[in-house]
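Step one of this worksheet: look at the structure below.
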Amino acid sequence: MFEFIRNHRRWIQIVLGVLVAAFVVGSIVSSTSGGGDTSVEVATVDGKKITQPEWEDAQRKQVDRYRAAMGAQFDQKRFETPEFKREILNNLVAQRAVEAEIARNHLTVGDDVLINTIQQDETFKTNGKFDVEVYRAALANARMTADQYEASLRSNFALQQLTGTVQETSFVPRAVAARLSDTFDQEREVQELLFSSKEQQAQVKVTDEMVKAFYDKNAALFQIPEKVKIEYVVFDAAAVEGLVSVTDAEVADFYKGNLKRYTTPEERRYSHIMFTAAKAASAADKAAAKAKAEAVLAELRKAPDTFAAVAKAKSQDVATAEQGGELGEAKKGEFLSAALEPAVYKLKQGEISDVVESEFGYHILTVTKLVPETVKPFDEVKDAITAEVKKPKMSKKYSELAQTFSETVYDQSDSLKPAADKLKLKIETLDHVTRTPNPALGKSPLNSVKLLNAVFSDSVLKNKHNTDAIEVLPSTLVAARVVDFKPATLRPLAEVSDVIRVRVAEQEAASLAKKAGEAKIAAAKANGDATGFGDTKVVSRAAPTGINPTALPAVLKADTSKLPAYVGVDLPGIGYGVYRIGKVAQAAKPDLARRASEQQDIAQRVGQAEMHGYIDALKEKAKAKVTAKIDVATADTKTAPAVK
852 MFEFIRNHRR WIQIVLGVLV AAFVVGSIVS STSGGGDTSV EVATVDGKKI
902 TQPEWEDAQR KQVDRYRAAM GAQFDQKRFE TPEFKREILN NLVAQRAVEA
952 EIARNHLTVG DDVLINTIQQ DETFKTNGKF DVEVYRAALA NARMTADQYE
1002 ASLRSNFALQ QLTGTVQETS FVPRAVAARL SDTFDQEREV QELLFSSKEQ
1052 QAQVKVTDEM VKAFYDKNAA LFQIPEKVKI EYVVFDAAAV EGLVSVTDAE
1102 VADFYKGNLK RYTTPEERRY SHIMFTAAKA ASAADKAAAK AKAEAVLAEL
1152 RKAPDTFAAV AKAKSQDVAT AEQGGELGEA KKGEFLSAAL EPAVYKLKQG
1202 EISDVVESEF GYHILTVTKL VPETVKPFDE VKDAITAEVK KPKMSKKYSE
1252 LAQTFSETVY DQSDSLKPAA DKLKLKIETL DHVTRTPNPA LGKSPLNSVK
1302 LLNAVFSDSV LKNKHNTDAI EVLPSTLVAA RVVDFKPATL RPLAEVSDVI
1352 RVRVAEQEAA SLAKKAGEAK IAAAKANGDA TGFGDTKVVS RAAPTGINPT
1402 ALPAVLKADT SKLPAYVGVD LPGIGYGVYR IGKVAQAAKP DLARRASEQQ
1452 DIAQRVGQAE MHGYIDALKE KAKAKVTAKI DVATADTKTA PAVK
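Numbering (the numbering used here), first residue to last: 852 to 1495.
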């Protein structure tokens, strides 16, 4: 029984790895409020609201997951889109709709299901046996209590219970799966005949009229986009850092007030000998178990050094008996049974307790090692505390000065100098700025779409006003103004005529090649002439090689009800390809393993589609309604620094 309790706590690791039904994998995120005005409603589900802070917190946590997963490839801008924010909100709505259905149906999970799952878990085993140290490390790393993990696990199982059957019972007839696999395996014997554009170029004569016509029809190809030169000012955390200081007294006070954070509590390594007696056991059974414990205790009093040997021989906790009753190290509040903690903390190292009763039976305890409490010295943590104390000060100062920055660039909109002078910022310039981000600038704040849209607005472009303070990155504001404007211009025909002449010649040659190819197809269909075609190649979707990959889709889609069949394909940069399909057959040795995998994949996709339909039905049942408005132009749903 005591072994069960230790394993029972392994729910923590299961919850770490349990993924809910497929419709929420990688999507549903915590709805814990991130603070702020919880009255701002963005959606309602089953009469309960989802608030703006909950939505923002879900966005932050999902972005953090992507940041951790993508590493150096992470790009913040990809997650500032209205589509991303809308997806997060839709997932929150779906989650709440499912939770409402679980509550309506009073779904729960019995202890037997949880116990069975836990007992099959290998995560906390060392050499095939449960390791309490591994368990404790996982619990500490997770920063959650066992009760929280237990509740999460029950919730996940309930979710699986509700949604799992939808996917698991999805059915695809074998004939349908076989038909799709047959299509994938189908082989076609193909001969290729290429009509080269280059071979047709000798017949092409490009006139000045043809060049002019191409120029007029494709003017956008020869347009030089409008450009501006801007002045800009960046206000970020770095601009605030030098304005905030922390005194030694503040750091010392923080250390004293949070001493517990820097204290490692006393730990005790302890062992036990247990005699099982369940809560529901009769008085006689309990008395018998206690009597056994008392008898063993009497033996130990005479020979305390034999504790491990006696535990191995007589303890009814099978998992720990082989280790001499060893239960590992524990701090206060971490004991696997609350009844044992006070008894262990009464003992000195090497002492043996009286018989102690718990909900699992009767125990004899001993402390085999005592690790005293330790406190990190002030000098060791001073720098970290200084940074921590400084952070909220910087945040507050940033908020104050961000307001000042925003108001100044707006109120004195004819120059950035007042804002730069007031906040001791540097005015910088950037030339050749266009409406679209410049790849050469990479992830620069100046490549922000929001900033570029503001720069090219009428107020800024025509009236020479400052832009508003634009939040281009978290805690980074930029204001800009246009100092020079170059409108879009069309490159002169004389400047681009040689390029156009080559382009027109290529088009005309490709057109002649296509005409020759189409003539060949017509002749072949009329008299079956196969002259000029190359060697026969066998192609399929499973083995898509042998012919030009551009032509492959057309060859595999061609109507083969009458053979030979012919299909013509434009091959950019090459010319025109004509393909003669002489035979269609199934593969002699189909890949049975792949076919089985395909059938599973098809069933899974059908299940996912059914799941989406089921979730939509639950949303409708819960009268789910999204009330949030997302600014598609800026993808901004947060409250920005105030500007007039």
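Glycine residues also receive a C-beta, built at the ideal position from the N, C-alpha and C atoms. Owing to the predicted nature of the structure, the values given are computational and were not obtained by experimental measurement.
If only complete runs of 4 or more residues are kept, the region 1036 to 1122 shows the alpha helix (DSSP H) at 1059 to 1068, 1088 to 1092, 1099 to 1108, in order along the chain. As computed with DSSP, Gly1212 is found in a beta bridge with Thr1127, Ser1209.
A contact between stretches requires three or more CB pairs, one per stretch, nearer than 8 Å, and the region 1445 to 1462 fails this requirement with the region 1047 to 1062. For the pair Tyr1066 and Glu1357, the Cα-to-Cα distance works out to about 15 Å. In this structure Asp1380 is exposed. Its beta-carbon is surrounded by fewer than 16 other beta-carbon atoms within 10 angstroms. The region 1195 to 1273 contains, as complete alpha helix (DSSP H) runs of 4+ residues, the segments 1229 to 1262 (chain order). Taking every protein chain shown into account, the CB of His1123 has 16 or more other CB atoms within 10 angstroms, so this residue is buried. In the assembly as shown, Gly1212 is a buried residue. Its beta-carbon has 16 or more other beta-carbons within 10 Å.
Burial is judged here by how many other beta carbons sit within 10 angstroms of a residue's own beta carbon; Leu1414 has fewer than 16 and is exposed. Counting the other Cβ atoms within 10 Å of the Cβ of Gly1176 gives 16 or more, which makes it buried.
One alpha carbon belongs to Thr974, the other to Leu1178, and they sit about 18 Å apart.
Judged by beta-carbon spacing, Ser1326 lies within the 8 Å limit of Tyr1249, meaning their Cβ atoms are closer than that value.
When secondary structure is reduced to three states using DSSP, Asp1335 falls in the strand class. Per DSSP, reduced to three states, the secondary structure at Glu1177 is strand. The DSSP-derived three-state label of Gly1428 is strand. Taken through DSSP and simplified to helix, strand or coil, His1463 comes out as helix. Residue environment for Gly1293: exposed (fewer than 16 other C-beta atoms within 10 angstroms of its C-beta). Within its own chain, the residues whose Cβ lies closer than 7 Å to the Cβ of Ala1128, once the five positions on either side in sequence are excluded, are Asp1136, Lys1137, Ala1140, Gly1212, Tyr1213, listed in chain order. Where Leu1151 is concerned, the enclosing alpha helix (DSSP H) starts and stops at 1134 to 1153. Distance from the CA atom of Asp1421 to the CA atom of Gly1428, rounded to whole angstroms, is 6 Å. Here Tyr1417 is bridged, per DSSP, to Arg1431. In terms of Cα proximity to Ser1295, the closest of Phe1307, Leu1281, Arg1431, Lys1277 is Leu1281.
Within its own chain, the residues whose Cβ lies closer than 7 Å to the Cβ of Pro1395, once the five positions on either side in sequence are excluded, are Leu1403, listed in chain order. In the displayed model, Thr1327 falls within a strand according to three-state DSSP. Phe925 has its alpha-carbon roughly 43 Å from the corresponding atom of Gly1419. Secondary structure of Val896 (DSSP, three-state): strand.
Beta-bridge partners of Glu1279 (DSSP): Tyr1083. With 16 or more neighbouring CB atoms inside 10 Å of its own CB, Glu950 falls in the buried class. In the displayed model, Val1389 falls within a strand according to three-state DSSP. Taking a C-beta distance under 8 Å as the contact criterion, Ala1375 and Gln1051 do not qualify as a contact pair. In the three-state scheme derived from DSSP, where H, G and I count as helix and E and B as strand, Val1284 is classed as strand. If you compare the alpha carbons of Glu1251, Ala1320, Ser1032 with that of Val1095, the shortest gap goes to Glu1251.
Setting aside the 5 residues that flank it on each side, Phe1008 is surrounded in the same chain by Val960, each with a C-beta closer than 6 Å to its C-beta; the list follows chain order.
A direct Cα-to-Cα measurement between Leu1303 and Thr1287 gives close to 7 Å. Leu1341 has Gln1074 as its beta-bridge partners, per DSSP. Of all alpha-carbon atoms in Lys1474, Ala1479, Lys1480, the one lying nearest the alpha-carbon of Ala948 is that of Lys1474.
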